[in-house]
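S.K.: Residues in the sequence shown are numbered consecutively from 343, following the working numbering.
All C-beta atoms in this analysis are idealised placements derived from N, C-alpha and C, irrespective of residue type, glycine included.
What follows is a single structure, and I will ask about it in a moment.
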Amino acid sequence: MNIAISGTPGVGKTTIAKLLGKKLNLKVINEKDFALKKGIGSFNEMDELEIPIDEFEKTANALLLKEGNIIFEGHLLCEMKLKVDKFIVLTLDPEKLQLRLELRNYPEEKIMDNTFCEGIEYCKKHAKKNYKTKLIVIESKEQNELINELLDLLN
Numbered sequence: 343m344n345i346a347i348s349g350t351p352g353v354g355k356t357t358i359a360k361l362l363g364k365k366l367n368l369k370v371i372n373e374k375d376f377a378l379k380k381g382i383g384s385f386n387e388m389d390e391l392e393i394p395i396d397e398f399e400k401t402a403n404a405l406l407l408k409e410g411n412i413i414f415e416g417h418l419l420c421e422m423k424l425k426v427d428k429f430i431v432l433t434l435d436p437e438k439l440q441l442r443l444e445l446r447n448y449p450e451e452k453i454m455d456n457t458f459c460e461g462i463e464y465c466k467k468h469a470k471k472n473y474k475t476k477l478i479v480i481e482s483k484e485q486n487e488l489i490n491e492l493l494d495l496l497n
């Protein structure tokens with residue numbers, strides 16, 4: 343089984359992907375780590391990795407088809423069409439997201455950008471377009487409760 347998990351930065355993608363990976367015995371791959379390892383993208387003047395969607399999608403799909411049993415996680419995944427069995431979008435109330443990002447010491451501009459994206463359901467809208475019948479949209483909550491709910495939905 344191949345799964346992708348997306349959502350605005352701060353909603354819990356990495357944590358949930360790791361927990362779900364352990365439960366389902368799937369390899370977990372972070373989009374940024376994968377891009378760096380494969381030499382996809384470049385750093386901009388603000389030292390942020392800019393990943394070309396088409397190149398990432400092609401390389402990721404090759405891996406998904408070759409190896410399988412993978413969970414990809416990252417906020418850009420909603421913008422591409424990956425060869426996955428299920429695509430999960432984690433959501434979070436924008437006010438809760440703002441608090442999480444503040445606790446992580448995100449710059450104010452990044453907090454505003456990410457809470458805005460969450461408020462307009464950016465990832466959810468793109469995922470609906472790209473993944474239609476494979477899509478699971480779920481609100482982030484206490485970890486064990488969320489994992490159990492996802493396991494039920496995946497079976």
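Give the secondary structure of residue 432 by DSSP, where H, G and I count as helix, E and B as strand, and everything else as coil.
M.R.: Locating residue 432 in the sequence shown gives position 90, where the first residue counts as 1. In the structure shown, residue 432 sits in a strand (DSSP, three-state: E or B).
S.K.: Tell whether a beta-carbon distance below 8 Å holds between residue 432 and residue 353.
M.R.: Position 90 of the sequence shown holds residue 432. Position 11 of the sequence shown holds residue 353. Result yes, Cβ atoms of residue 432 and residue 353 sit closer than 8 Å.
S.K.: Exposed or buried, residue 351, counting other C-beta atoms within 10 Å across all chains shown (16 or more means buried)?
M.R.: The sequence position of residue 351 within the sequence shown is 9, counting from 1. With 16 or more Cβ atoms within 10 Å of its Cβ, residue 351 is classed as buried.
S.K.: Measuring straight from C-alpha to C-alpha, what distance separates residue 422 and residue 401?
M.R.: Locating residue 422 in the sequence shown gives position 80, counting from the first residue. Locating residue 401 in the sequence shown gives position 59, counting from the first residue. Taking the straight line from one Cα to the other gives about 12 Å.
S.K.: Taking the alpha carbon of residue 370 as the reference point, which residue from 392, 490, 434 and 406 has its own alpha carbon closest?
M.R.: In the sequence shown, the residue the question calls residue 370 occupies position 28. For residue 370, the nearest C-alpha among the options comes from 406.
S.K.: Taking residue 361 as the reference, give the member of 490, 383, 495 and 410 with the closest Cα.
M.R.: Translated into the one-based positions of the sequence shown, residue 361 becomes position 19. Considering only alpha carbons, the answer is 490.
S.K.: Note down, one range per segment and in chain order, each alpha helix (DSSP H) of at least 4 residues found wholly within the region 367-431.
M.R.: Listed in chain order, the complete alpha helix (DSSP H) runs (minimum 4 residues) inside the region 367-431 are 373-380 and 395-408.
S.K.: Among 492, 385 and 393, which residue has its Cα nearest to the Cα of residue 419?
M.R.: Counted from its first residue, the sequence shown places residue 419 at position 77. Nearest C-alpha to residue 419: 393.
S.K.: Between residue 484 and chain C, is there a C-beta pair that is closer than 8 Å?
M.R.: Here there is only one protein chain, and chain C is not present.
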